[in-house]
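Note sheet for the following structure.
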Ligand code: GLN
């Protein structure tokens, strides 16, 4: 029997609802339950793929090629369960489906309305593609009280009714602010937020209260009384020093125990084994050293745009027992003379994924610095493309080397990909195509060359990694580049698409066309990040 937990948020946004959901998933999993997490986003974009990373944060790509909300990254990192296309939906997607059905005539005779047609589509989504999971955790994006989330709240209200209490639960996350001037914790915003939820017919079964500090029993009793919830189901969620502490923090305050009780499930004897998390916390809190990595990108104003990347670097640190300091640098500053020498202080340089011409020459300058000064270099997607352009210009003497992403150029070392294979199918694109959802997206296989650095790092020959890009390194330049010392060490199985390049004469210089950061987990750090951080540690011993 699959049970559904609906997670809403109140008072303010950015309370960490995604992390809370992910942590709850991890706790249920530690109890031996199979979990799946999903996100229902009330905005009108069909997916976040066309939104600016500095608006919405990173676009998280699933194996099956969906562009999704970054919370799905938290879910995967905390539970290890690979997210699927059917784990994230938006108002835009729901309406697109409803309107397509209307045009096909599927509702013939009916007036198509928010209730029941839109709410039915939301419910259908929430219940879809469920295998044998014991729990599906559905997080509703946004904050209760937003106009746009109303159809979602109505849909989960109906679901709660249809599934019954033994198969559904409502969890509400709120903020309990501490007013310094009054020296008091304030429960009123939580009371109001719960009232708002009750006004659309949802009575929360559990309230999770984000707070700077632990909430004393008196305040929890007050919240319980005004919000109509048993006091043991008012859980305090104080700030913690690392996100990896969240599952244990919730467990210590009884969250999963109360949830089990709600569903009438048996509480097993003995303590829950959360050693997986204690090991991670221990490594984060007691590092044996530190390294500094410069991340040279252009979405540095909002670090959520590099969420998975920052996490994966941390995981590389956990694997090596060091703290990773990240220096987020806007690449444009390297476009002026000499600024690039600021990079002398770091032990590793990483150019992450990116789009568009702005800042590209600054990234190329950073790659050049890394190459010439033997600083470990990790190029991801756009960072690989810039590395190949730099090598083409500097090592192979192809002066006009560029990417057609920035317009026509004499030597399109990086060009628009118009046709590629996925399994037994051929996918085609043209330059005038729509921008939404039309990149090379999702998991693709890659074959690693024997004796290459990446072959050694992965410990296997065939790997699968997730992609999100429109342009591709042009295989026609392979011979010229290899003659200049650039090794094409990873290729698509048909040998047409360069997936990885490396410089054998450099201590650690790897460019990958995919996004390895999307698959890294704290308890299973990605081998490329582990190896990159190790190389940075070696450099810190050298300099
Ligand atoms: N803009 C590049 C492309 O579309 C790289 C994309 C990325 O870094 N994710 O190919």
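Residue numbers (our numbering): 3 to 545. Backbone N, C-alpha and C fix where the C-beta goes; we use that ideal spot for every residue, glycine too. Since we're looking at a predicted model, the values are computed, not measured.
| Asked | Found |
| --- | --- |
| Is the stretch 70-77 in contact with the stretch 31-45, if contact means three or more CB pairs nearer than 8 Å? | yes |
| Using the three-state DSSP reduction, which class does residue 523 fall into: helix, strand or coil? | strand |
| Using CA coordinates, which residue listed in 261, 513, 271, 325 is at the minimum distance from residue 390? | 513 |
| Determine the direct distance from the alpha carbon of residue 210 to that of residue 216, and round the result to whole angstroms. | 12 Å |
| Going by the CB atoms, is the gap between residue 125 and residue 152 shorter than 8 Å? | no |
| Does residue 6 come out as helix, strand or coil in the three-state DSSP assignment? | strand |
| According to DSSP, is residue 27 part of a helix, a strand, or is it coil? | helix |
| Report the start-end ranges of each alpha helix (DSSP H) in the stretch 119-186 that is 4 residues or longer and not cut off at the edges. | 121-129, 152-165 |
| Can you tell me whether residue 114 is buried or exposed? The criterion is at least 16 other CB atoms within 10 Å of its CB, across all chains shown. | exposed |
| In this structure, does DSSP put residue 287 in helix, strand or coil? | helix |
| Hey, out of 402, 355, 475, whose CA is closest to residue 412's CA? | 402 |
| If we count the other Cβ atoms within 10 Å of its Cβ and call it buried at 16 or more, is residue 145 buried or exposed? | buried |
| Looking at C-beta atoms only, is the number of pairs between the stretch 274-291 and the stretch 340-352 that lie closer than 8 Å three or more? | no |
| May I ask you to verify whether the stretch 90-102 touches the stretch 461-474, counting CB pairs closer than 8 Å and requiring at least 3? | no |
| Use the C-beta contact count for residue 381: other C-beta atoms within 10 angstroms, 16 or more gives buried, fewer gives exposed. | buried |
| Are the CB atoms of residue 525 and residue 315 within a distance shorter than 8 Å? | no |
| Specify, as a first and last residue, the run of the beta strand (DSSP E) that residue 332 falls within. | 325-332 |
| Could you tell me whether the Cβ atoms of residue 527 and residue 317 are closer together than 8 Å? | yes |
| Assess contact between the stretch 196-215 and the stretch 258-276, defined as three or more Cβ pairs (one per stretch) separated by less than 8 Å. Is contact present? | yes |
| In chain order, what residues of the same chain lie with their CB nearer than 6 Å to the CB of residue 72, ignoring the 5 residues before and after it? | 59, 60, 62, 309 |
| Return the CA-CA distance between residue 168 and residue 202, expressed in angstroms with no decimal places. | 21 Å |
| Please state whether DSSP places residue 296 in a helix, a strand or coil. | strand |
| Please list the segments of the alpha helix (DSSP H) lying wholly inside the stretch 45-77, counting only runs of 4 or more residues, in order along the chain. | 55-58 |
| Which two residues bound the contiguous beta strand (DSSP E) that contains residue 418? | 413-418 |
| Could you tell me the boundaries of the alpha helix (DSSP H) in which residue 380 lies? | Here residue 380 belongs to no alpha helix (DSSP H); instead the beta strand (DSSP E) covers 379-382. |
| Assuming the contact rule is C-beta atoms closer than 8 Å, residue 356 and residue 300 should be a hit. Round their C-beta distance to whole Å, please. | 6 Å |
| Tell me the start and end of each unbroken alpha helix (DSSP H) in the stretch 467-491 that is at least 4 residues and wholly inside, in chain order. | 480-485 |
| Look at residue 331 and residue 297 and say whether their C-beta atoms are less than 8 Å apart. | yes |
| Relative to the C-alpha of residue 247, which residue among 485, 491, 490, 26 is closest? | 26 |
| Return the Cβ separation of residue 313 and residue 522 in integer angstroms, given the expectation that the two are a contact with Cβ distance under 8 Å. | 7 Å |
| Please report how far the alpha carbon of residue 182 lies from the alpha carbon of residue 198, in whole angstroms. | 26 Å |
| So residue 328 and residue 366 are in contact, right, with Cβ under 8 Å, and what is the actual spacing, rounded? | With a Cβ gap of about 21 Å, residue 328 and residue 366 do not count as contacting. |
| Throw me the rounded Cβ distance for the residue 333 and residue 361 pair, which I believe falls under 8 Å. | 4 Å |
| Below 8 Å on the Cβ atoms is my guess for residue 546 versus residue 32; work out the distance and round it to an integer in Å. | No statement about residue 546 is possible, as the shown extent of the chain runs from 3 to 545 and does not include it. |
| Out of 446, 150, 506, 47, point me to the one whose CA is closest to residue 496's CA. | 446 |
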